[in-house]
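For the sequence shown, my numbering begins at 67 and goes up steadily by one.
We treat Cβ as the ideally placed atom computed from N, Cα and C, and that holds for glycine.
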Amino acid sequence: MRQGVNQKFLRLDYFRVYSICSEKDEYGNDTAVEMYLNLDQAFTDSAKYSVVQRELNNKAGERIRIQKIQKHNHSTIKDNQNNPYEYWELEILRERITSLPGISKPDGSYDPIEVEDGERICEDVTALYDPKTCIILIYRKREALSPAGIEDVL
């Protein structure tokens, strides 16, 4: 590594979205069957709601909000019928419930970040979802929502 160059690492997780349902086999017994779960319609429906309406509490009691949910057409990639490649972009916020961050100044002082009533400090997660392959790519940070937490939200 060259001197003076800061190196940063990104955490990117890839997941294929599955649904597990019960079906009867040839003997009438229930068996679990895994199928790809296409979230395209769920995202289309969710995008119709305002940002405030997309806020919920997860199992841990944290406030979660889908801040951004937007479908994009890739500018250069096309499918076999020359249609633009479509994907979803999500930004999911998790309210920070641990100690609030602050600002460290060059003079040695430290000032906690002040928030007004009703405001919250949040950590964000960005995700891209491919409805053709049912794969979600998640870029997350240390304090952000975990993949299991994202699963609960979805």
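- Item | CB-CB length for Glu128 against Arg160, believed under 8 angstroms | 6 angstroms
- the region 96 to 112 / the region 189 to 202 touching (three or more Cβ pairs under 8 angstroms): yes
- Work out the CA separation of Lys144 and Ile158 for me, nearest whole Å. 28 angstroms
- Query: Between Arg120, Tyr102, Gln136, Tyr115, which lies nearest to Ile130 when the distance is taken from Cα to Cα?
  - Reply: Looking at the Cα atoms, Arg120 is the closest of the given residues.
- Message: Using CA atoms only, rank isn't needed, just tell me which of Tyr153, Asn123, Ile169 is closest to Asn104.
- Response: Tyr153
- Whose C-alpha, out of Tyr151, Glu189, Asp173, Glu92, is nearest the C-alpha of His140? Nearest of Tyr151, Glu189, Asp173, Glu92 to His140, Cα basis: Tyr151.
- Query: So Val191 is in the beta strand (DSSP E); what residue range does that whole segment cover?
  - Reply: 188 to 196
- Task: Out of Glu92, Asp79, Pro167, point me to the one whose CA is closest to Pro213's CA.
- Result: Residue Asp79 is the option with its Cα nearest to Pro213.
- From the DSSP output, in three-state form, read off Gly168 for me. strand
- So, helix, strand or coil for Ala240, using DSSP? Here the chain comprises residues numbered 67 to 220, so residue 240 is not present and cannot be evaluated.
- Task: Please list the segments of the beta strand (DSSP E) lying wholly inside the region 108 to 159, counting only runs of 3 or more residues, in order along the chain.
- Result: 121 to 123, 129 to 144
- Per-residue DSSP class, three states only, for Ile202: strand
- Could you spell out where the beta strand (DSSP E) holding Ile86 opens and where it closes? 84 to 90
- Three-way DSSP call (helix, strand, coil) for Ala98 in this model: The answer is strand: DSSP assigns Ala98 an E or B state.
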